[in-house]
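Below: the structure, in structure tokens.
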Amino acid sequence: MMMGLTSYLLISLFLMICGIIIMIARKNIIAILLGIELILNASALNFVAYSKFVAKNFDGQIFTLFIIVVAAAEAAVGLAITIRHFQISESIHIDDATQLLA
Amino acid sequence: MGPAFELNSYMPVIILMGLAAMIVILGHFVSVFLSPKKIDKYNKKDHAYECGEEPVATAWAAFSIRFYVVGLIFIIFDVESVLIFPVAAVFREFNQAGMGAIVLFEILFFVFILVAGIAYCWRKGDLDWIKSFQSIPKRKNNSIQLNGEQE
Amino acid sequence: MFVKFLFIASSLLTIVSALSMLMTKDIMHACIFLLGALMGVAGLFLTLGADFLAATQVMVYIGGVVVLMLFAVMLTGGNELNKRGLNPVPLMGNKFTFALGVFGASMFFIVVYQLLYKIFHYFHLSVVDSYESTVEKIGRLLLTDHILAFEISSVLLLGALVGAAIIARPKRN
Amino acid sequence: MTSTLSSYIQSIPYIKENLYWLTEMLGPEVTAFVIFFIGAFIVANVMALVGGLGTYAERKISADIQQRIGPNRVGPLGILQFLADGVKMIMKENIVPRDADKFLYYLGPLLCMVGIFAACAVLPISSGFILADLNVGVFYLLAISSLVGLGILLGGYSSNSKWSMLGGMRGASQIISYEIPVTISILAIVVLSGGLSFGKIVQSQSGLPTEWYVFHNPFTFIAFIVYFIASLAEANRAPFDLPEAESELVSGYHTEFTGMRFAFFALAEYVEVFVLCTVASALFLGGYNVPFRLGGDSLLGQVLQTIVFFSKTCFLYYVVIWIRWTLPRLRVDQLMTLCWKYLTPIALFNLVGVSIWLVIFDGKSLLQLIKGLF
Chain B
28 MMMGLTSYLL
38 ISLFLMICGI
48 IIMIARKNII
58 AILLGIELIL
68 NASALNFVAY
78 SKFVAKNFDG
88 QIFTLFIIVV
98 AAAEAAVGLA
108 ITIRHFQISE
118 SIHIDDATQL
128 LA
Chain A
1125 MGPAFELNSY
1135 MPVIILMGLA
1145 AMIVILGHFV
1155 SVFLSPKKID
1165 KYNKKDHAYE
1175 CGEEPVATAW
1185 AAFSIRFYVV
1195 GLIFIIFDVE
1205 SVLIFPVAAV
1215 FREFNQAGMG
1225 AIVLFEILFF
1235 VFILVAGIAY
1245 CWRKGDLDWI
1255 KSFQSIPKRK
1265 NNSIQLNGEQ
1275 E
Chain W
32 MFVKFLFIAS
42 SLLTIVSALS
52 MLMTKDIMHA
62 CIFLLGALMG
72 VAGLFLTLGA
82 DFLAATQVMV
92 YIGGVVVLML
102 FAVMLTGGNE
112 LNKRGLNPVP
122 LMGNKFTFAL
132 GVFGASMFFI
142 VVYQLLYKIF
152 HYFHLSVVDS
162 YESTVEKIGR
172 LLLTDHILAF
182 EISSVLLLGA
192 LVGAAIIARP
202 KRN
Chain S
132 MTSTLSSYIQ
142 SIPYIKENLY
152 WLTEMLGPEV
162 TAFVIFFIGA
172 FIVANVMALV
182 GGLGTYAERK
192 ISADIQQRIG
202 PNRVGPLGIL
212 QFLADGVKMI
222 MKENIVPRDA
232 DKFLYYLGPL
242 LCMVGIFAAC
252 AVLPISSGFI
262 LADLNVGVFY
272 LLAISSLVGL
282 GILLGGYSSN
292 SKWSMLGGMR
302 GASQIISYEI
312 PVTISILAIV
322 VLSGGLSFGK
332 IVQSQSGLPT
342 EWYVFHNPFT
352 FIAFIVYFIA
362 SLAEANRAPF
372 DLPEAESELV
382 SGYHTEFTGM
392 RFAFFALAEY
402 VEVFVLCTVA
412 SALFLGGYNV
422 PFRLGGDSLL
432 GQVLQTIVFF
442 SKTCFLYYVV
452 IWIRWTLPRL
462 RVDQLMTLCW
472 KYLTPIALFN
482 LVGVSIWLVI
492 FDGKSLLQLI
502 KGLF
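Chains as they are written, first to last, in my numbering: chain B, 28 to 129; chain A, 1125 to 1275; chain W, 32 to 204; chain S, 132 to 505.
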């Protein structure tokens, strides 16, 4: 009863909500990137749950593999931008990132 | 196909993790319980060790960016090896089924694109560790770069 | 029985870590709680029979992304400078609104659980207990049906590598 | 309960009867748990013992190399020296640096130990006694041992001193950068063996050196050398133990750790060297295969296999210690240049070479080809 599709969906819903709250409430760029990681994990969990319970094939798992690939590339580039922004404006508070031209 | 993997075979993994955590926590508390607690007269004992002098300023100074470039290249190649692992596991089967050449071409295509990436980083000097911020052109007789930030 | 224990343990780990990521004031603790949440999701992948995905998650996320986050936090002034962005936003409300929010959320979750459980039960999407090894399957699928995505992801990685290297390169003045 | 461990235990004659009695009494799930718990308990203790004996072997062999005697006071020939060290570590006072980050301070050693002990679950000790024969075995081991880099980074960061933080960052960046050559050289073996589980890889080799993967073809031979060098660096050993060795880093990331916390870091390091030597011997040197399959799968065969397994691993362990006391230490930039400009390209070249070799010669080894000519 407990391990059905519903509990997986609710856990990923909870992760999604936490990710969104973190992205909204935090003012520190790296904390926002953490929130994005949580949201990507929530969607990955959904894909695997559906591919196990409903589709019963492996497409969901393949898609999750590529979600992990893209999330790693995104984290790498996002953190590079954060560090360069810190070098320029000495702070990673989101409100200081106002000018496009450094 | 493949041996039906039983979730039970993951039980030792969880048990070993629990045992290791228990060893650490138990060891810590036993040592706290048994070890002497000398009173710290000049309360200098918990200073960070700086060869005897007073610890200067906080430790969290910003470091050079080379550590990040290493982590960046690591994560790209980590993801690449993760993608190649299942393909490598199935490669021998495809080879016996006669499709070996096609799979070989796919793997080579995949690897060579990333080799181009690391060649670019190599050429642009991201891989070498000693690189002063003030980019002094490399002297022909490679004498010591005095004002380069040696780390 | 072990599957149920693994499911409960990893979902608890995920939920507690995600919640404490919200609450913590220290950016380093937030990274470590992200590590806990990712470990929990890897355990959930295990209960769903995706053993290769659980190992990928541990290797790429925990071995790579979290380490990169820690490096980035250290490179951008460590803990002192990062404390500024983490205090709770005033409009987050006080204790009473917080309690109201938690109560509302739990009611919502219970109602949705009962509703979804009935629907999925009607469509016989009950538990399917056929675990079989996924590495060979994923390898075969990667090589046959999803070959295009496999090759394009290397171009994506190349782009990410070159882009991030250019951005992160120290300034040549 | 079809896992290899229980099939091994059932092969012992008198166990079979009590097993049925146990399963009726407790039910299949709980007996599986009991058997796995006993197996895991044995492996955990063996690994702790290996960590302890590693320190003893290190001091004895280094003494031998430098023509001195080494520990011989505690117990016969100084065998119990590591117990004395352990007790000394327990009795040390627990000093936490001034405003260190307590949560991360205690999490560092925990992550290191959990990472390494969880990796011991997949080591192929003998054909029956692989604790958890996962069919993602090799990949799981690489994944879980990346926790050690994190533990070191946290240990260095949390002890609030510039030097241990620098040591922690250097140690972590060294470990994660040397994980790439290790992963890619293991990939070369996986291409040849066609499977990820340790049992399958070891079974596809046999006892005689002619069948080992090391001498299978020139690429795997280079892959073994690259793997061995990179695993030395990954365990912070020998010529690469930069993070805790340089004068200005004092003792690197574990400067501020006293007593038991330091003991956990040291134990994790020695057990990691043992795990990496086991992986080297399982993947490249034919693991537990007894030459001419003496004793087959009977109990005697299992014991012989375990002896062969430990002898190969201890030989590699001896080489690691021997290298430590002969080669000088590398500088930071030489370390990183070696990894990114020499080991990674060679490992990538090996991977390409092995896959081309597999396609052209259908996975036959060099010796088989030569035999085929005559």
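Where a beta carbon is used, it is the ideal one built from N, C-alpha and C, also for glycine. Keep in mind it's a predicted model, so treat the numbers as computed, not measured.
Assuming contact is defined by CB atoms lying nearer than 9 Å, are residue i and residue j in contact in what I supplied?
| i | j | result |
| --- | --- | --- |
| V410(S) | M178(S) | no |
| L189(W) | L1196(A) | no |
| P370(S) | I454(S) | yes |
| A399(S) | F350(S) | no |
| A252(S) | A163(S) | no |
| I210(S) | A250(S) | no |
| Q114(B) | T165(W) | no |
| T79(W) | A76(B) | Reading off the sequence, residue 79(W) comes out as Leu, not Thr. Yes. |
| V205(S) | A215(S) | yes |
| S1155(A) | I311(S) | no |
| G390(S) | N225(S) | yes |
| F33(W) | E155(S) | no |
| A130(W) | T91(B) | no |
| L72(B) | S39(B) | yes |
| M220(S) | A1144(A) | no |
| A191(W) | I1200(A) | yes |
| G67(W) | I119(B) | no |
| Y419(S) | P255(S) | yes |
| P201(W) | I1189(A) | yes |
| Y1192(A) | A99(B) | no |
| L273(S) | T314(S) | yes |
| V1278(A) | V91(W) | Residue 1278(A) lies beyond the residue range present for chain A, which begins at 1125 and ends at 1275; the question has no answer from this structure. |
| I196(S) | W456(S) | yes |
Please name the residue, chosen from the options, that lies closest to residue i on a Cα-to-Cα basis.
| i | options | result |
| --- | --- | --- |
| A1243(A) | G503(S), N367(S) and W471(S) | W471(S) |
| G286(S) | L273(S), L272(S) and R301(S) | R301(S) |
| L489(S) | A1213(A), W1246(A), L1158(A) and G1241(A) | A1213(A) |
| V1148(A) | R392(S), G183(S), I315(S) and D493(S) | R392(S) |
| A86(W) | H120(B), I95(B) and V104(B) | I95(B) |
| I1138(A) | L208(S), N291(S) and F248(S) | F248(S) |
| D493(S) | W1246(A), G1222(A) and S1188(A) | G1222(A) |
| G74(W) | F1236(A), G1224(A) and Y1134(A) | Y1134(A) |
| S486(S) | W1246(A), G1241(A) and V1211(A) | V1211(A) |
| F41(B) | S137(W), K126(W) and F127(W) | S137(W) |
| S1140(A) | V165(S), L153(S) and V174(S) | First, the amino acid is wrong: residue 1140(A) is Leu here, not Ser. Measuring from the Cα of L1140(A), the nearest candidate turns out to be V174(S). |
| T444(S) | A413(S), L435(S), L466(S) and P459(S) | A413(S) |
Less than 8 Å between the CB of residue i and some heavy atom of the ligand SAM, yes or no?
| i | result |
| --- | --- |
| W152(S) | Looking at this structure, you won't find the ligand SAM or any other ligand, since it has none at all. |
request  = Report yes or no: do the region 1244–1254 of chain A and the region 186–199 of chain W share at least 3 C-beta pairs separated by less than 8 Å?
outcome  = Touching, yes.
ask   = Which residues, in order along the region 165–195 of chain W, keep a beta-carbon less than 7 Å from a beta-carbon of chain A?
value = Listed by position, the residues of the region 165–195 of chain W near chain A (Cβ gap below 7 Å) are V166, E167, I169, G170, R171, L173, L174, I178, F181, E182, S184, S185, V186, L188, L189, A191, L192, V193 and A195.
task = Determine which residues of the region 1237–1254 of chain A have a Cβ less than 8 Å from any Cβ of chain B, and write them out in chain order.
result = Within the region 1237–1254 of chain A, no residue has a Cβ that lies closer than 8 Å to any Cβ of chain B.
ask   = With a cut-off of 8 Å, do at least 3 Cβ pairs link the region 430–437 of chain S to the region 262–279 of chain S?
value = Between the region 430–437 of chain S and the region 262–279 of chain S, the count of Cβ pairs shorter than 8 Å is below three; the stretches do not touch.
The region 160–175 of chain W touching the region 1201–1221 of chain A, judged by at least three CB pairs closer than 8 Å = A contact is defined here as three or more CB-CB pairs under 8 Å, and the region 160–175 of chain W meets this definition with respect to the region 1201–1221 of chain A.
query = So does the region 459–479 of chain S actually touch the region 290–300 of chain S, counting three or more Cβ pairs closer than 8 Å?
reply = The region 459–479 of chain S makes no contact with the region 290–300 of chain S, as fewer than three CB pairs between them are under 8 Å.
Near-chain W residues of the region 258–283 of chain S - C-beta to any C-beta below 8 Å = Within the region 258–283 of chain S, the residues whose Cβ lies closer than 8 Å to some Cβ of chain W are L265, N266, V267, F270, Y271, L273, A274, I275, S277, L278, G280 and L281, listed in chain order.
task = Please list the segments of the alpha helix (DSSP H) lying wholly inside the region 341–374 of chain S, counting only runs of 4 or more residues, in order along the chain.
result = Those alpha helix (DSSP H) runs which fall completely within the region 341–374 of chain S and span 4+ residues are 349–365.
task = Using a Cβ-Cβ cut-off of less than 7 Å, list which residues of the region 188–210 of chain S approach chain A; keep chain order.
result = Sequence-ordered contacts of the region 188–210 of chain S with chain A are nonexistent [C-beta pairs closer than 7 Å].
task = Evaluate the contact criterion for the region 331–345 of chain S versus the region 416–429 of chain S: three or more CB pairs, one atom per stretch, below 8 Å.
result = As far as the Cβ criterion goes, the region 331–345 of chain S touches the region 416–429 of chain S, which means the pair count is three or higher.
key: Three or more C-beta pairs below 8 Å linking the region 46–58 of chain W and the region 53–65 of chain B   = A contact between stretches requires three or more CB pairs, one per stretch, nearer than 8 Å, and the region 46–58 of chain W meets this requirement with the region 53–65 of chain B.
ask   = Are three or more beta carbon pairs between the region 30–41 of chain B and the region 134–154 of chain W nearer than 8 Å?
value = Yes: the two stretches touch, three or more of their Cβ pairs being nearer than 8 Å.
key: Any beta strand (DSSP E) of 3 or more consecutive residues that is wholly inside the region 406–475 of chain S   = Taken in chain order, the complete beta strand (DSSP E) segments of 3 or more residues contained in the region 406–475 of chain S number zero; there are none.
task = Could you list the residues in the region 59–87 of chain W with a C-beta less than 8 Å from some C-beta on chain S, going in chain order?
result = Listed by position, the residues of the region 59–87 of chain W near chain S (Cβ gap below 8 Å) are M59, H60, I63, L66, D82, F83, A86 and T87.
Positions along the region 1216–1234 of chain A whose CB lies within less than 9 Å of some CB in chain S = Cβ proximity to chain S below 9 Å picks out R1216, E1217, N1219, Q1220, G1224, A1225, V1227, L1228, I1231 and L1232 from the region 1216–1234 of chain A.
request  = Could you run through the region 230–254 of chain S and flag, in chain order, every residue whose CB is less than 8 Å away from some CB of chain W?
outcome  = Listed in sequence order: D232, F234, L235 and L238.
message = Tell me which residues of the region 1150–1162 of chain A have at least one Cβ-Cβ distance to chain S shorter than 8 Å, keeping chain order.
response = Taking 8 Å as the upper bound on Cβ-Cβ separation, chain S lies near residues G1151, H1152, V1154, S1155, V1156, L1158, S1159, P1160, K1161 and K1162 of the region 1150–1162 of chain A.
task = Enumerate, from N- to C-terminal direction, the unbroken alpha helix (DSSP H) stretches of 4 or more residues contained entirely within the region 1220–1259 of chain A.
result = With a minimum length of 4 residues, the unbroken runs of alpha helix (DSSP H) contained wholly in the region 1220–1259 of chain A fall at 1224–1247.
task = With 9 Å as the limit, tell me which residues of the region 1200–1212 of chain A have their beta carbon closer than that to any beta carbon of chain W; keep them in chain order.
result = Taking a C-beta cut-off of 9 Å against chain W, the contacting residues of the region 1200–1212 of chain A are I1200, F1201, D1202, V1203, E1204, S1205, V1206, L1207, F1209, P1210, V1211 and A1212, listed in chain order.
task = Return the residues of the region 93–104 of chain W that lie within a Cβ-Cβ distance of less than 8 Å from chain S, sorted by chain order.
result = Shown in chain order are the members of the region 93–104 of chain W whose Cβ falls below 8 Å from a Cβ of chain S: I93, G94, G95, V97, V98, L101 and F102.
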